[in-house]
Amino acid sequence: MTAVEAPAPRRKFRESTLGQIWTGLTRSPAGFAGTVLVLAIVGFSFIGPLVVDQHNPTDTSQIWTAPSGEHWLGTQYEGKDTFTILVNSGAEPIWVGGMAATMAVIVAVVLGSIAGYFRGRIDALLLQLTDVTVTIPQFLLMIAVVAFFEDIPPWGVAIVVGSTMWAFLFRSIRAQVMSLKEREFVEAAKLQHLGTARIVFREILPNMAGFIFVNFVIAVNQAIYAIVGLYILGLMPSGTPNWGLMIHLSWQNNFFLLPVAMPFVLAPLLMIVLFTIGLVTMGRGLDQALNPRLRER
Amino acid sequence: MSETPLLKLSGLEQVFDTRKGPVAAVGGVDLEIKAGKVLCLVGESGCGKTTTARAAAGITRPTSGAVEFRGKPLTAMNAAERTEYRRSVQYIHQDPYAALNPTRTVYSTLTAGLKRHGLVKGRTEARAKAAELLRLVDLTPPESYLDSYPHQLSGGQRQRVNVARSLAMDPKLLICDESTSMLDVSIRVSLLNTLGRLRDELDVGFLFITHDLAVAKYFAWDGEIAVMYLGKVVEHGPTPEVIGNPQHPYTKALIGAVCEPDPDLAKANRSAEQLRSAEIPSLHDLPAGCAFHPRCPAFEPGVCDGERPLLQLASRRNVACHVVARDRAPAAADDRTLTFDAVPGLRRPEPESAI
Amino acid sequence: MTDPILSVRDLSIAYRTGRKESVTAVSGIDLDLYEGQSLALVGESGCGKTTLGLGLLRLLPGLGEITSGSLTYRLKDGSTADLLKMKPEQLRRFRWAEAAMVFQGAMNAFNPVIKIIDHFADTLRDHSDGKKQWTKAAVEARAGELLETVRLDPDRVLQSYPHELSGGMKQRALIALAIALDPQVLVLDEPTTALDLLTQRSIVQQLHELRKKFGFTMVFITHDLGLAAELADRVATMYAGRIIETGSARDIFYEPKHPYTAGLINAVMPVKGERPQLESIPGYPPSLKAMPSGCAFHPRCAFATDACKRERIDLDLLTERPLGMSHTAACLHHDQVRFQRKGTGTSTERPASIVESETADV
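Residue numbers (UniProt numbering), protein chains in the order written: chain H, 1 to 297; chain F, 1 to 355; chain V, 1 to 362.
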């Protein structure tokens, strides 16, 4: 045999799942733009507060000033700098959204894999559970829970939001595992006596990495909507500043009727819209990067 | 030398429940495979050869009958014996693309089982062992394949990796399910040559499933061929006998249907006998008597459509055919007169009818 | 007539792989096909045979594109037409009426939710020239007639859905559909692959009969050399997107002059006769993206010399015959290739090896 035509290229990183995500994101212009947008907003919200001067006193002489060199987005009803408020407003929704999505994805992946791989009683039980979860109106449940535990911490919100999101993802993961487990490479792994845990988590799951990742991105988006929604309705303790709270204030006090208040009203909306667009385009880029059918050229 | 066979199937039956009722995909098969020997199961799709192979590999549990490994039925094995059987009997799939996990490197695929069963310690040893396996299947130099992903390999290379993976378990028997049918001709020959070398050097037995008689002949020349039709073995004997002097009309038809790479021979073949029907009967509704009779050119009413023919000895192989059995009865001598082209009564093929 | 029915000159086909990248799948094809001939395009997967077959009817998938060359057909009315200059409407009429294709994989070529009769109705109506009204009864009569020529029972088949037919029946129905408008040229892509052995044989018989009856010109694409020996008058071997040897079936199977053809035939397992010791061609076919310089086969060739690596080798005329039956091979060392595999009896020894040359540069 002179089988030297195909020497394995030493491109380990590019071939690994993370590497594929990276190449996929950087190759398609839309995916790249989305990633940049998402990273920019995350950076703005998490690194911004460390850079921007946190001293932002109430100043009644400076109420509703127009944008200027000193106050980039003007000031708000208490004379505080709107830009400083905006910088501090992103961290909580993003953090809670990310955490809720992570929890939902982990629960969905673990339970979905188990249900899809083993089928039988446990599958039937979990399906019943998702049926119940899916039929409960999610937002109403969140409202009820948040209203019940008045002073709820951010991680508590994350759990509430996450617990309403896992059911849909569970079903698609389960379906994917059910189809993947019929594939011959899984049978080959079984014939090697590799052990169930390894087969499920190391043979089957990596083949769904793209799907899981894309769903994670979508879940983050949904979770942010949910948490911002709770703030807008004024159901959350008004402690730290955040996008939802800003919108809530504008809504409650009819600031949107006030032309000088426009920067304060529009800034959080714009942030949410941009973040959503960023996540969606990034998700689409990822889908292309990780879906083997689309990747095959 | 009558050692116990490596693997023995006796009275193997596999019935599947379908919407149209139970279907016997395999209806009573007896086969034996010895160490270092090849048994080829030949037949068209739906004849039960893959079902038989899967039962032999322990992937499915037969409805009735027994699979014995080294004289011990699978059902009577304890956990340790079962593990031993699992490792000793390896299965190679047909599709080299589907049988490798697209997210694992060749190294990772080859060593997963070794690591799991504690056969290698440490990365250096694992890599050395994986390289040795690749060398066994002629993927050299191994270093250029170890870190490849399946999509970087050609079909032939992937199938070699599949073989290497099963060799990692130090198998005594390889069950190959159409393992070469998806490969190009030249690649197929070289893989078969590699497998033949493994058989001779490592004394591995083979249960080789194929629809291609030429492959069966090439690979199992020193072994045996069993021809299956609709869930039953209809002819079983040493390869040179079955291929060179087929007795069952079905085997004759199969051999006559092979397109040879030889235009003159093809021209000579054109006048050959045709089957009475090109369609295989459905397993749901098997014909009475010999299942082949509606297609058989040697069909004789009253002889073939009554009872099921039994496998019985005829010219150094077993044949399940009423006509062969009857013609042999008076002259027990080794007669070779009934060859395919000599079957009397050239019938025109009829338009294909309903299944 | 002595004009070829189809004449291909310097045809190249490329596939787009990226926004600015493309790979050439087929290049420099010259081919003349005469009326009533049957030509087999043989080669291993990835050699470009299917691409060429699709290209002959301009049926390439979206990313494929004919980058150069010409495709001239002689139409039924005796005029000639360049396929590459045809407008979509003309092209649509041309396909099926002048030349038809039987696609690979009989299993999937039919739309599963449309009855067989409606497939016929669609084809007949779609390509009608307006003179004939294809009423339901007319379609039924014509389709029934066609199915009978391929030995199918119209009463049973016409009202069936594709999944109700077996693989062999579907393949027959597909052939019947292809000849519905009485084309002059029939291109068949792997007509028997994925069918059972006995079904394959019956399809082969069927094609023989149809040829005798209608006298089509046939091009069939196959990796199965046995099938080529069975059905072809002429064979063209393809490797890495080029035709590297053409000749009559006897030339190719008894005296191949390109080492690749010889190796390919040598790798085919015969079922009759003694068991020969077969040799495989070392190595693997090249990727379209990384084509070796010169003769694309040189890295796998036992006869390769430095000259082979330098420049592309053109087809060299070995035996001249009329009507495209000449034997040509694209190899500098064709005189060193000796192939022996004559004798079909069971007793004759069949040495099957390429005689290595002394000058072989390994």
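Note that the Cβ used here is the ideal one computed from N, Cα and C, for glycine as well.
ask   = Distance, Cα to Cα, Phe110/V vs Val102/V?
value = 11 Å
message = I want to see whether chain H comes within less than 8 Å of Leu134/F, judged by CB atoms only; does it?
response = no
message = If you reduce the DSSP assignment to three classes, tell me which class Arg183/H lands in.
response = coil
ask   = How about Ser280/V: is its C-beta nearer than 8 Å to some C-beta of chain F?
value = yes
query = When burial is assigned at 16 or more other CB atoms within 10 Å of the CB, is Thr75/H buried or exposed?
reply = buried
ask   = Name the residues in the stretch 50 to 78 of chain H whose C-beta lies less than 9 Å from a C-beta of chain F; which are they?
value = Answer in chain order: no residues at all.
Inter-residue spacing [alpha-carbon to alpha-carbon] between Tyr149/F and Gly122/F = 22 Å
query = Where does the unbroken alpha helix (DSSP H) through Cys308/V begin, and where does it stop?
reply = From DSSP, the alpha helix (DSSP H) with Cys308/V extends over Asp306 to Arg310.
ask   = Does DSSP put Phe216/V in a helix, a strand or coil?
value = Coil.
request  = Could you round the C-beta distance between Phe219/F and Val38/F to whole angstroms and report it? I think they count as a contact, below 8 Å.
outcome  = Right, the Cβ-Cβ distance comes to about 6 Å (below 8 Å), so this counts as a contact.
ask   = Candidates Phe201/H, His193/H, Val273/H and Leu233/H: which alpha carbon is nearest Thr83/F's?
value = His193/H
ask   = Unbroken alpha helix (DSSP H) runs of length 4 or more, entirely within the stretch 214 to 277 of chain F: which are they?
value = Listed in chain order, they are 239 to 244, 249 to 257 and 263 to 269.
ask   = residue 316/H: buried (16+ other C-beta within 10 angstroms of its C-beta) or exposed?
value = Nothing can be reported for residue 316/H, as the shown portion of chain H is limited to 1 through 297.
ask   = Closer than 8 Å, CB to CB, is Asp334/F near chain V or not?
value = The predicted model places Asp334/F with a pLDDT of 47, which falls under 50 and marks its position as unreliable; any figure quoted below should be read in that light. No, its Cβ sits nowhere closer than 8 Å to a Cβ of chain V.
task = Compare the C-beta of Pro240/F against all C-beta atoms of chain H and say whether one is closer than 8 Å.
result = no
task = List the whole-angstrom C-beta distance separating Phe216/V from Val185/V, where the pair is believed to meet the contact cut-off of C-beta under 8 Å.
result = 7 Å
ask   = Who pairs with Thr72/V in a beta bridge, going by DSSP?
value = Ser7/V and Asp82/V
key: Secondary structure of Ala331/F, DSSP reduced to three states   = With a pLDDT of 49 at Ala331/F, under the threshold of 50, the predicted position of this residue should be treated as unreliable, and no value is reported.
query = Which residues of chain F have a Cβ atom closer than 7 Å to the Cβ of Phe253/V, listed in chain order?
reply = Pro261, Asp262 and Pro263
query = Quick one: what's got a C-beta closer than 6 Å to Leu323/V's C-beta in the same chain, skipping five residues either side?
reply = Tyr34
ask   = So which residues on chain F does Tyr239/V lean against when the C-beta distance must stay under 7 Å?
value = Here the premise fails: no neighbours, minimum Cβ distance about 11 Å.
ask   = Cβ of Glu44/V less than 8 Å from any chain F Cβ?
value = yes
key: Counted within 10 angstroms of its Cβ, other Cβ atoms place Pro249/F as buried (16 or more) or exposed   = buried
ask   = Using the beta-carbon count (16 or more within 10 Å), is Leu100/F buried or exposed?
value = buried
query = Under the rule that 16 or more other beta-carbon atoms within 10 Å means buried, what is Asp203/F, buried or exposed?
reply = exposed
ask   = For chain F, is any of its Cβ atoms less than 8 Å away from the one on Arg183/H?
value = yes
request  = Give the DSSP bridge partners of Leu41/V, in chain order.
outcome  = Ile221/V and Ala236/V
request  = Examine chain F for any beta-carbon lying closer than 8 Å to the beta-carbon of His248/H, and answer yes or no.
outcome  = So no, His248/H is outside the interface.
key: Proximity to Thr72/V [Cα-Cα], best of Val113/V, Asp10/V and Ser27/V   = Asp10/V
message = At the level of alpha carbons, what is the spacing between Arg10/H and Ile187/F?
response = Because the pLDDT of Arg10/H is 43, which lies under 50, any placement of that residue in the model is unreliable, and the number read from its coordinates should be weighed accordingly. The alpha-carbon atoms of Arg10/H and Ile187/F are separated by roughly 26 Å.
query = Name the chain F residues whose beta carbon is nearer than 9 Å to that of Glu187/H?
reply = Ile59, Tyr91, His93 and Ala99
request  = List the residues of chain V that Asn193/F touches, going by C-beta distances under 8 Å, in chain order.
outcome  = Using a Cβ-Cβ cut-off of 8 Å, Asn193/F is close to Leu278 and Ser280 of chain V, given in chain order.
Residues of its chain near Ser12/V, where Cβ-Cβ distance is below 8 Å and the 5 sequence neighbours each way are ignored = So the qualifying residues of the chain are Thr24, Val26, Ser27, Gly28, Ile29, Ile66, Thr67, Ser68 and Gly69.
query = Just the Cα atoms here: how many angstroms apart are Thr2/V and Gly36/V?
reply = 12 Å
query = So what's Thr18/F in DSSP terms, helix, strand or just coil?
reply = Taken through DSSP and simplified to helix, strand or coil, Thr18/F comes out as strand.
message = Are the CB atoms of Leu197/V and Leu254/F within a distance shorter than 8 Å?
response = Yes. Within cutoff.
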